[in-house]
Amino acid sequence: MQPVATTFFFYLLAGLTVASGAAVIMRKNAIHSALALIVALLGQAGLYLMLYAPFVAGVQIILYAGGIMVLFLFVIMLVNIERAQKEEQFNKQWLVGIVAAVALGALFVVVYIKGQALFPAHTVQLPEESNTQQIGVLLYGNYMFAFEIASLLLLVAIIGAVVMAKKKI
Amino acid sequence: MLAKLKEQYGSGIRETSTYLGQNYMIVEPSIVSEVLQILRDEHDFDYCVDITAVHYPQREKQFDVLWILYSFLCNERIRVKIMIADGEMVSSSDPIWPTANWLEREVFDMFGIRFEGHPDLKRILLPEGWKGHPLRKDYGIIQQDQEWVQINLGIESGQ
Amino acid sequence: MLEYITSYLNSNTTPGQAGNLFWAFVYIVLIFLGLSVAVIAMNWLERKILAHMQVRLGPMRVGPHGLLQPIADALKLLLKEDIMPERADKLVFWIAPLLVVMTAFTVFIVVPFGPTHAVTDMNIGILFMLGVSSLSVLGIVMAGWASNSHYPIMGALRSSAQMVSYEIAMGLAVVSAVLMTSLHGLGTYGVATGGSGTGTLSMIEIVKAQQEQQTWFLFKFFPLGLIAFFIFAVAMVAETNRAPFDLPEAESELTAGFHTEYSGFRWSLFFLAEYSAMIAVSAIAVTLWVGGWMRPFPNWLSGDTWDLVFSLIPGVTFILLGIFAFVGVRRMPKHPYFRIQTLGLAGFGAVLALIGVLLFIPPIRDRIQDIYWFSAKVAFSMYMYIWYRGTFPRYRFDQLMKVGWKVLLPIGIGVLILTAIMGVVL
Amino acid sequence: MGADQLGHRERPMTNGTKTDEMETGQTKASTATHPEKDPASYLSHLELGEKDQTFLDSDELIINMGPQHPATHGVLRVILKLDGEKVLGTECVIGYLHRGVEKIAEHRTYAMFNPYVDRMDYVAAVSNGLGYCEAVETLLNVQAPPRANYIRVILTELNRLASHMLWLGTHALDIGAITPLFYTFRDREEILKIFEKYCGARLTTHAFRIGGCLYETYDGFEQDVVKFLNFVTPKIGEYEELLTTNRIWVERTKGVGKISAEDCVALGVTGPVLRASGVKWDLRKAQPYAAYSDFEFEIPIGENGDTYDRYLVRMQEMRQSLRIIRQAVGKIPEGPIMAKVPKVIKPPVGEIYHSIEAPKGELGYFIVSDGSTQPYRVRVRPPSFVNLQALDMMVRGQLVADVIAVIGTLDIVLGEVDR
């Protein structure tokens, strides 16, 4: 199926992502921040879809929005976050924030000016029908070793978390 | 058994008798917790059925406080009774039978008899802050704590 | 314009793939309406079936045999005062039911009611379904938290832990089914029918793979398919918060769990979402293991005659239902008080019979029988839901977690590995 | 994890909803008055219970279960102190249904007070009536005639069945099995029909009078009872079929709310709860009243004292009740149904304690007479009240869902707890 109103959807999703990203850091309420983050992640998933990467989009939704963020919410609801403490942190970091903002802004400007040279415009028509299959072949073919290393790393992380959280096992 | 107790406490045990086949004894308030302890430990009255009180306003010692005990081993009941004046403290039997906790709270709630050494003596059936102890004879049957009702329930009267 | 509309009818694909927006829209509207009707019907059926399991009659007053009861209830809920707790988080409280309903309906985009009867077919179909339905837990958590009350928040905590846990077991079961699709080029079924060795996540392709392999995945690599299906069947009950896994809304413990503070229309949205989610996961189960839209015994009872016989069953079913209604009309008390009810029941029976007759007309018959078989399988799964509810006590939270992590998960992994091995060996 | 810690609330609150807030004042007042605690004491005290020191510093949550909660069997209010879902301590707040029965008794004549006792344990009204009538009879030193005693036994045992059936249905409902409720209510209905035919009332029957029974059995009473017995015997098997071997039921009840025999005795817990802990004690055998010495029956006991054993004990008790009724109907004697009791009941001065085995445990009446027509003091020893005291001990360290199961298994009736 040919995409419809691509530009419109791109700006819609991009705007949604940026706006909710801003909301994540601006809301004082941790739960609201987390919810805004979910919206941002969903917007990103939409962008992936527009880039003909349905598998990545699906994984984004199922893992980040549906899995990790639920755990985030779970923890936020469980753990006592003292509001005053949080606000104080915000106040003290304004200098760092400005530096980071300036650096990021500069990067954007550079990319915008030199954009054409950095990313030459070529449109790759990715095969929508076999996208997932190709990812599978690549993941378990060419990048097998890296994939297995990553899973090992995750296993270590799980065990570490269990050791840290449990008093006695 | 009773003879032995009598021997031990002498006049502390004021009366032991049987009415309609039911045994009871009247003891001095000061020794009641010891007597109860002995009854439980040495005579197997390990089950405290009930603790209750009776109010006799015309008497000098206004209240009867009763322990109804039962022995699984002998299949026998006994009532231990003390007489106390208004305001007098009774030593709590909560350390002997944990069941006494609520039963004593109820006696306190209904008669205003305080138990010494009770871990958590407060009203149980009536709400906190209620005035008066309903099972005293001077508490009328339709009497109620108007003030409490008006403040807490927001109605004129509960009747 | 007319050409644009009619051109799709000849194409042999879903409107989404054909890029036909008109038909996609029509399908969306049809699914939305059909689902609403299905939820209403399910409401009535659940109450009736449960009632008969429990030696009572169930709704009997509104309409003949309480047929109009769900409509009366819906009206009541719409007219009810909508209460929002004073200290609730207004925005989140407001969004939560919408989110739940949205996710519950969105998943139906990829549900294949027939080879062409789906809004669209995605390359990541099953992944999309799992992903979107996993978003519904967010709505539940938001609802529980926004109510700012103890029981709802405990319900929310329970449901987030429960759904995240069971999603894993569910995912493993799904993966083993997906794996089975990839094995048809190699397996005992011999003739390599163009299988590339890679499987598919597309819902329609999964059913087509079953068609090619001439087996329901339920019976593939016996008993592996059956075990995977069993894992999925347990996980799907847990995912939809139904008995015996209805802890997030356990009535006797948390009053009503996450929707304690909801009332009126908002509550009815939760209700709607719960039932459509049940239908959605049943649809996944049917697609993955029970052959989707395929009629029973396609390979034993094959041939034109059997095809004809099976294609007549939908019409016969509806006519039988109509006759059933007319039997009910005969058994209605002959009293003027019941006249309207009797007439209503007769009308209902007539409509059913009419649908039955319509289903005999060849073009309709051919187009509709896939949908019929799919719905019949889903309906059976829904009946199982009701049956569970009538039979089982509720799990405790730690036991629920134990079942999820210590029983279903290891078995799921085992089945997955064994399926892979079987695929290579055979 | 309290609402105040959720991050954005302006005012700190202990309880979330508005209704809860109204009660918060009370809760605070009640907890504030606690004196220092003896950790060894069995009861109470929300301050007790060790804090779980994980690095995530999760706080305790205090929630109100009831008085309006679907599973607290009326208006019981349990304040739970939770760590996540684990119960650290409970405090029962009772008295919402207090009607001052004992005070009323002092202002009624002996006969007038008789109907009031039915309103205490309204599920087993006949047992209450039996206990009261026998207590006054003891005080008067009269004996009910044998035929009256047999009628009493039949009705009381039927009532025990009804009470256990109601218990089973609601207990199963609490644990999430909704179907047994309807089965038990269907069969309980048959019992109530017999009551209705006998004395006109279904629930608060006022079936017995001091000195015997007022009503002679109606024609066909025996046949009705036998018919009921034949009807209900397979039904009890049906309940058991639904639950006894049901995996979820077993998992939900085995090892839940354990209480040892020593603790039972120390806490004064009686009835099926005591028997499930392995104490073979039943007042019908220990101190037979009415006509119980004439019948053969067994006292079912459990081993572990957990919810599952209590369930089995009660199921067995239902079978034993059927056995008693069958024997009683078989040899019900002819004769008068009322002893010679004066029109105006004026017992001699004295006091008496009489107790019977009610479906919930030992139901005792302590009556003091001052020789007038009105009792000077009537004290009811309510089994539910005393049994409820064990709740805290039984649920410590278990989960919220177990609190529900234990409240169900204690088989309390709030009318009797609060009186």
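Chains as they are written, first to last, in the numbering used here: chain A, 1 to 169; chain B, 1 to 159; chain C, 1 to 426; chain D, 1 to 419.
Note that the Cβ used here is the ideal one computed from N, Cα and C, for glycine as well.
V256(D) beta carbon less than 8 Å from that of Q389(D): As a working mapping, residue 389(D) is identified with position 389 in the fourth sequence. As a working mapping, residue 256(D) is identified with position 256 in the fourth sequence. Result no, Cβ atoms of Q389(D) and V256(D) do not sit closer than 8 Å.
Inter-residue CB distance, M278(C) and T317(C) (contact presumed, cutoff 8 Å): For the purposes of this step, residue 278(C) is taken as the residue at position 278 of the third sequence. For the purposes of this step, residue 317(C) is taken as the residue at position 317 of the third sequence. That pair is no contact at about 22 Å.
Residue range of the unbroken alpha helix (DSSP H) whose run includes T179(D): Numbered from 1 along the fourth sequence, position 179 holds the residue referred to as residue 179(D). T179 to C199 is the extent of the alpha helix (DSSP H) around T179(D).
Proximity test, Cβ basis, 8 Å: A162(D) and chain C: For the purposes of this step, residue 162(D) is identified with residue 162 of the fourth sequence, where counting begins at 1. No, A162(D) does not count as interfacial toward chain C.
DSSP state of E334(D) mapped onto helix, strand, coil: Within the fourth sequence, numbered from 1, the residue matching residue 334(D) stands at position 334. Reduced to three states, the DSSP call for E334(D) is coil.
Nearest neighbour of E296(D), chosen from K331(D), N230(D), G129(D) and E303(D) [CA to CA]: By one-based count along the fourth sequence, residue 296(D) stands at place 296. When each option's Cα is compared against that of E296(D), the closest is K331(D).
Supposed close pair E137(D), V378(D) - CB separation, criterion 8 Å: Here the question's residue 137(D) lines up with position 137 in the fourth sequence. Here the question's residue 378(D) lines up with position 378 in the fourth sequence. Not quite, the Cβ-Cβ distance comes to about 14 Å (not below 8 Å), so this is no contact.
Supposed contact pair W97(B) and G268(D) - C-beta distance, whole angstroms, cut 8 Å: Position 268 of the fourth sequence, counted from the first residue, corresponds to residue 268(D). Position 97 of the second sequence, counted from the first residue, corresponds to residue 97(B). Indeed, because the Cβ distance is near 7 Å, the residues count as touching under 8 Å.
Which residues DSSP lists as bridging Y70(B), in chain order: Within the second sequence, numbered from 1, the residue matching residue 70(B) stands at position 70. Per DSSP, Y47(B) and R77(B).
Sub-8 Å separation of F258(C) and G155(C) beta-carbons: Translated into positions along the third sequence, residue 258(C) becomes position 258. Translated into positions along the third sequence, residue 155(C) becomes position 155. The answer is yes: Cβ separation under 8 Å.
Contact set for I38(A): own chain, Cβ-Cβ below 6 Å, skip 5 residues either direction: Indexing the first sequence from 1 puts residue 38(A) at position 38. Cβ neighbours of I38(A) beyond the five flanking positions: A65 and M69.
Under 8 Å between C-beta atoms of S409(D) and R310(D): Start at 1 with the first residue of the fourth sequence, and residue 409(D) comes out as number 409. Start at 1 with the first residue of the fourth sequence, and residue 310(D) comes out as number 310. Note on residue identity: the sequence assigns Thr, not Ser, to residue 409(D). Yes. Within cutoff.
CB contact check: M142(C) to chain A, cutoff 8 Å: Along the third sequence, one-based indexing puts residue 142(C) at 142. It does; some Cβ of chain A falls within 8 Å.
Proximal residues of chain B, C-beta to C-beta of I104(D) below 8 Å: Position 104 of the fourth sequence, counted from the start, is the residue given in the question as residue 104(D). What I104(D) touches in chain B: I141.
Pick from E251(D), A276(D) and Y150(D) that is closest to E262(D), judged by C-alpha positions: Looking up residue 262(D) in the fourth sequence gives position 262. Closest option to E262(D), Cα to Cα, is A276(D).
Three-state secondary structure assigned by DSSP to P59(C): Counting from 1 along the third sequence, the entry for residue 59(C) is found at position 59. Reduced to three states, the DSSP call for P59(C) is coil.
Nearest residue (CA-CA) to G237(D), options P180(D), V225(D) and E190(D): Stepping through the fourth sequence from its first residue, residue 237(D) is reached at position 237. Measuring from the Cα of G237(D), the nearest candidate turns out to be P180(D).
Nearest neighbour of Y376(D), chosen from I104(D), K360(D), K227(D) and A71(D) [CA to CA]: One-based indexing of the fourth sequence puts residue 376(D) at position 376. Selected option, being the one with the closest Cα: I104(D).
Per-residue DSSP class, three states only, for I182(C): Looking up residue 182(C) in the third sequence gives position 182. Checking the sequence shown, residue 182(C) turns out to be Ser, not Ile. If DSSP states are grouped into helix, strand and coil, S182(C) belongs with coil.
Closest residue to F392(C) among L354(C), L99(C), A420(C) and V234(C) (Cα-Cα distance): Position 392 of the third sequence, counted from the start, is the residue given in the question as residue 392(C). Among L354(C), L99(C), A420(C) and V234(C), the Cα nearest to that of F392(C) belongs to V234(C).
With 16 other Cβ atoms within 10 Å as the buried cut-off, status of E106(B): Residue 106(B) sits at position 106 when you count from the first residue of the second sequence. Buried is the call here.
Burial state of Y11(A) (16 or more Cβ within 10 Å): Numbered from 1 along the first sequence, position 11 holds the residue referred to as residue 11(A). Classification of Y11(A): exposed, given that the 10 Å Cβ count is below 16.
Contact set between A243(C) and chain D, taken where Cβ atoms lie within less than 7 Å: Start at 1 with the first residue of the third sequence, and residue 243(C) comes out as number 243. Simply G176.
Bridge-paired residues (DSSP) for F63(B): Position 63 of the second sequence holds residue 63(B). In the DSSP output, where bridge partners are listed per residue, F63(B) has H55(B) and I84(B).
Residues in the region 38 to 66 of chain C having any Cβ partner in chain D nearer than 7 Å: M53, Q54, V55 and R56
Residues that T90(D) bridges to, as DSSP identifies them: The count along the fourth sequence starts at 1 and reaches residue 90(D) at position 90. Beta-bridge pairing links T90(D) to L80(D).
Span separating the alpha-carbon of Q134(A) from that of Q44(A): In the first sequence, the residue the question calls residue 134(A) occupies position 134. In the first sequence, the residue the question calls residue 44(A) occupies position 44. Rounded to the nearest angstrom, the two C-alpha atoms are 22 Å apart.
The beta strand (DSSP E) enclosing P145(D), as first and last residue numbers: For the purposes of this step, residue 145(D) is taken as residue 145 along the fourth sequence, with counting starting at 1. Unbroken run through P145(D): none, as it is neither H nor E.
Collapsed DSSP secondary structure at M25(B) in the structure displayed: Sequence index remark: in the second sequence, residue 25(B) carries index 25 (1-based). Looking at M25(B) - three-state DSSP - the assignment turns out to be strand.
Residue span of the alpha helix (DSSP H) that contains E351(D), given as start and end: For the purposes of this step, residue 351(D) is taken as residue 351 along the fourth sequence, with counting starting at 1. Unbroken run through E351(D) is the beta strand (DSSP E), G350 to A358; no alpha helix (DSSP H).
Beta strand (DSSP E) segments (min. 3 residues) lying fully within the region 248 to 303 of chain C: none
Extent of the continuous beta strand (DSSP E) to which I33(C) belongs: Numbered from its first residue, the third sequence carries residue 33(C) at position 33. As written in the sequence, residue 33(C) is Leu, which differs from the Ile given in the question. Here L33(C) belongs to no beta strand (DSSP E); instead the alpha helix (DSSP H) covers L21 to M53.
Option in E28(B), E42(B), V32(B) and A85(B) with minimal Cα separation from V54(B): Along the second sequence, read from residue 1 onward, the residue named residue 54(B) stands at position 54. Closest option to V54(B), Cα to Cα, is A85(B).
Cutoff 6 Å; reference G112(B); Cβ partners in own chain excluding five residues on either side: Walking along the second sequence from the start, residue 112(B) turns up at place 112. Result list for G112(B): H133, in chain order.
Residues sharing a beta bridge with Y19(B), DSSP: In the second sequence, counting from the first residue as 1, residue 19(B) sits at position 19. Note: Y19(B) sits in a beta bridge opposite Q22(B).
Whole-angstrom distance between V110(C) and M401(C), CA atom to CA atom: Here the question's residue 401(C) lines up with position 401 in the third sequence. Here the question's residue 110(C) lines up with position 110 in the third sequence. Rounded to whole angstroms, M401(C) to V110(C) spans 31 Å at the Cα level.
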